[in-house]
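When we follow the working numbering, the leftmost residue of the sequence shown carries the number 947, and every step to the right adds one.
One structure below.
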Amino acid sequence: MGKIVFYTGGCAEPKGAVAVNRLEDVDKAEYLTTDELGVSAFKEIMFIESSTDADWHIRRFFDLDLDDIDTDFYDYFILDSVSDFAYKLVEREQSFGDADYFTERIKADLKSLIEKVREKAEMLIILSDDVGCSVRPSIKTDRLAQEVIGSINRYIAAVADEVNIVECGIVRRIK
C-alpha cells in the first residue's frame, strides 16, 4: 500500500528540494510538476543523478485532468505545485463555476491519483503552497483561487498518511 506524504508552506519555501532529498536513495522516481521546475529541486535532482545510478524523470506541465502516472516503471512520485495548478485552472475557467465546482473537480483528480499510488506504487509526495496565513486578496479571481487552494490543501492533509509544513526552510511534521 503506497504512502501519501504532503508538504505545504509558503511559496518561497524549498518544498521541492525537501521532497527530492527525502527520496535521494531511491533509484527511480518521477517528478511531476504542474508548472516549471523550481531551481532548488532541479539542482537536487541533478545532483542525485550525477552522483548515483538513479533514474529520475521530470515531467513538466503535468495536468491532473489529462495526464496519468506510470506505476509499472516508477514506484515513487513527487507532485509539485498543486496550488499553482488550482490557481491557473480557476484563472482560465472562472466563468464555469464557483469554489465548490473547482474544488470537487480537483479533488476527483487527486483522489484518482492517490488511489492508483496506494494500489500500485510505494509513495506519492504532494507539494502545495499554503494560503492559510495570507491576506485576503481584493481581486475576485484571487479570492476564488485562495478558497479553492485552501479546500484542496485540507483535503490532501486529511487523506495523507503524513503532513509536513516547511517554514524558514525547516520541516515540521504535523500529522
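Beta carbons are placed, not taken as given, at the ideal position from N, Cα and C, and that holds for glycine.
Ordered list of beta strand (DSSP E) runs contained in the region 1014-1092, each at least 3 residues
If we require 3 residues or more, the beta strand (DSSP E) runs fully inside the region 1014-1092 come out as 1022-1026 and 1069-1075.
Have a look at aspartate 1058 and alanine 1032 and give me their C-alpha separation to the nearest angstrom.
The residue you call residue 1058 lines up with position 112 of the sequence shown. The residue you call residue 1032 lines up with position 86 of the sequence shown. Rather than aspartate, the amino acid found at residue 1058 in this sequence is serine. Straight-line Cα distance between these residues: approximately 16 Å.
Between the CA atoms of serine 1041 and valine 972 - distance to the nearest angstrom
Within the sequence shown, the letter at position 26 stands for residue 972. Within the sequence shown, the letter at position 95 stands for residue 1041. Using only the alpha carbons, I get a separation of about 43 Å.
Between arginine 1006 and glutamate 976, how many whole angstroms is the CB-CB distance? I'm expecting something under 8 Å.
Within the sequence shown, the letter at position 60 stands for residue 1006. Within the sequence shown, the letter at position 30 stands for residue 976. Going by Cβ atoms, the distance from arginine 1006 to glutamate 976 rounds to 12 Å, so no, they are not a contact pair.
Buried or exposed, going by whether 16 or more other CB atoms sit within 10 Å of the CB of aspartate 1014?
Your numbering for residue 1014 matches position 68 in the sequence shown. The residue in question, aspartate 1014, is exposed, as its Cβ has fewer than 16 Cβ neighbours within 10 Å.
Helix, strand or coil: how does DSSP classify valine 1117 here?
Along the sequence shown, one-based indexing puts residue 1117 at 171. Residue state, collapsed to three classes: strand.
For the pair the region 1110-1117 and the region 1077-1084, tell me if three or more CB-CB distances fall below 8 Å.
These segments do not touch.
Please determine whether the Cβ atom of leucine 1090 lies at a distance below 7 Å from any heavy atom of the ligand GDP.
This structure lacks the ligand GDP; in fact it carries no ligand of any kind.
Is there a Cβ from chain C that is less than 8 Å from the Cβ of tyrosine 953?
Note that chain C does not occur in the displayed structure, where there is just one protein chain.
Please tell me whether threonine 1087 and valine 1028 are closer than 8 Å, where the distance is taken between their beta carbons.
Stepping through the sequence shown from its first residue, residue 1087 is reached at position 141. Stepping through the sequence shown from its first residue, residue 1028 is reached at position 82. In this structure, valine 1028 does not lie closer than 8 Å to threonine 1087 by Cβ.
What first and last residue would you give for the beta strand (DSSP E) that runs through alanine 975?
For the purposes of this step, residue 975 is taken as the residue at position 29 of the sequence shown. That run of the beta strand (DSSP E) goes 974-979.
Are the beta-carbon atoms belonging to isoleucine 950 and isoleucine 1095 less than 8 Å from one another?
Translated into the one-based positions of the sequence shown, residue 950 becomes position 4. Translated into the one-based positions of the sequence shown, residue 1095 becomes position 149. No; because the gap between Cβ atoms is not below 8 Å, this pair is not in contact.
How would you call serine 1084, buried or exposed, if buried means at least 16 neighbouring beta carbons within 10 angstroms?
Locating residue 1084 in the sequence shown gives position 138, where the first residue counts as 1. Classification for serine 1084: exposed.
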